[in-house]
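Going by the working numbering, the sequence shown opens with residue 12, and the numbers climb by one from there.
What follows is a short report on a single structure.
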Amino acid sequence: MKASRLAAVGAVAATTVVVLSSPAFAHVSVQPEGAAAKGGYAVVDFKVPNERDNASTTKLEVNFPTDHPLASVMPEPMAGWDIKVTKSKLDKPIDNHGEQLTEAITKVTWTATGKGIEPGYFEKFPVSIGALPEDADQLVFKAIQTYSNEEVVRWIEEQQKGQEEPESPAPVLTLSAAEDGHHNASDTEKASDNSASDAEAASADTAAPADGSDTTARVLGVVGIVVGLVGVAYGVLAGRRRTSA
12 MKASRLAAVG
22 AVAATTVVVL
32 SSPAFAHVSV
42 QPEGAAAKGG
52 YAVVDFKVPN
62 ERDNASTTKL
72 EVNFPTDHPL
82 ASVMPEPMAG
92 WDIKVTKSKL
102 DKPIDNHGEQ
112 LTEAITKVTW
122 TATGKGIEPG
132 YFEKFPVSIG
142 ALPEDADQLV
152 FKAIQTYSNE
162 EVVRWIEEQQ
172 KGQEEPESPA
182 PVLTLSAAED
192 GHHNASDTEK
202 ASDNSASDAE
212 AASADTAAPA
222 DGSDTTARVL
232 GVVGIVVGLV
242 GVAYGVLAGR
252 RRTSA
């Protein structure tokens, strides 16, 4: 009897923990596949869980930051979803490898063509983005999630320093330090020129011992011939002396 009561209490406690902890990980979030380094490119996944028991997620809208617009935004095709990319005119042009861009993608919308994300499931929406800003530590993406019962959840609240996490936080992508291999074209050309100079110097150093070896071999060969001739002459002279005697 006591054992059954303990089991029941344990089950209730476990259920309570799940219910209370679920909001901590149930919101829309964004994570990079690998690193999201400043100045580079990255593939990021917008993770969308279904928080409802009686409805499916049928639409996701992700708004891209306009304070740090991205020159390249390419969503990955997904079965069961129609993807729409929205481009808007920028208030201030951005430089993209020497080219001034006056427009950038400001929103990507996924609309389910089938069942969408059903209760008890989540789905990832991959997007390739770049070049990531070098003067920011994070990017904020405000997202809107729509359910099949027409309920709309707005994940748009930004985290304020020193305060608790908001009820409907916006997805935040944290940027890592720029990678060592991130440099401009002039640096690459300099490295190439230095490599060529080093190669020529190495070739010269390698050729020098070879010439010295050839000279030494020739000298030894001549000395050998001279010694041989001296030996032959000495033999001839010795023979004549014996004949005279």
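Cβ coordinates follow ideal geometry from the N, Cα and C atoms, glycine included.
As the structure is a prediction and not an experimental result, all values here were calculated from the model.
* **Beta-carbon proximity list for residue 83, same chain, < 6 Å, skipping 5 on both sides** => 141
* **For residue 63: DSSP bridge partner residues** => Beta-bridge pairing links residue 63 to no other residue.
* When the Cα atoms are used, what is the spatial distance from residue 199 to residue 64? -> At residue 199 the pLDDT is 39, less than 50, meaning the model places this residue with poor confidence and gives no usable figure here.
* Keeping to the same chain, check which residues put their C-beta closer than 8 Å to that of residue 76; ignore five residues upstream and five downstream. => 150, 151, 152
* Write down the C-beta distance between residue 67 and residue 155 rounded to the nearest angstrom, noting that I regard them as a contact closer than 8 Å. => Between residue 155 and residue 67 the Cβ distance is about 16 Å, and since that is not below 8 Å, they are no contact.
* With distances taken Cα to Cα, identify the nearest neighbour of residue 57 among 138, 147, 164. => 138
* With distances taken Cα to Cα, identify the nearest neighbour of residue 190 among 146, 73, 50, 37. => 50
* Could you tell me whether the stretch 109-122 touches the stretch 78-93, using the rule of 3 or more Cβ pairs below 8 Å? => yes
* Asked: Name the DSSP beta bridge partners of residue 111, please?
  -> 106
* Asked: Cα-Cα, which of 157, 147, 175, 38 is closest to residue 274?
  -> In this structure the chain extends from 12 to 256, so residue 274 is not present and cannot be described.
* What separation, rounded to the nearest whole angstrom, lies between the Cα atoms of residue 102 and residue 78? -> Here the alpha carbons of residue 78 and residue 102 stand approximately 10 Å from one another.
* Asked: Along the chain, where does the beta strand (DSSP E) that runs through residue 85 open and close?
  -> 83-86
* To do: Kindly list the residues whose CB is nearer than 8 Å to the CB of residue 47, restricted to its own chain and excluding five residues on each side of it in sequence; keep chain order.
  => Hits under 8 Å: 53, 55, 143, 184, 185, 186, 187.
* Asked: On the three-state DSSP scale, how would you describe residue 74?
  -> strand
* To do: Report the rounded CA-to-CA distance for residue 91 versus residue 124, giving the unit in angstroms.
  => 5 Å
* Asked: Could you check where the beta strand (DSSP E) with residue 134 kicks off and where it finishes?
  -> 133-141
* Asked: Taking just the CA atoms, how far does residue 105 sit from residue 61?
  -> Distance between the alpha carbons of residue 61 and residue 105 is about 37 Å.
* **Same chain only: Cβ atoms within 6 Å of residue 164, ignoring 5 sequence neighbours per side** => 156
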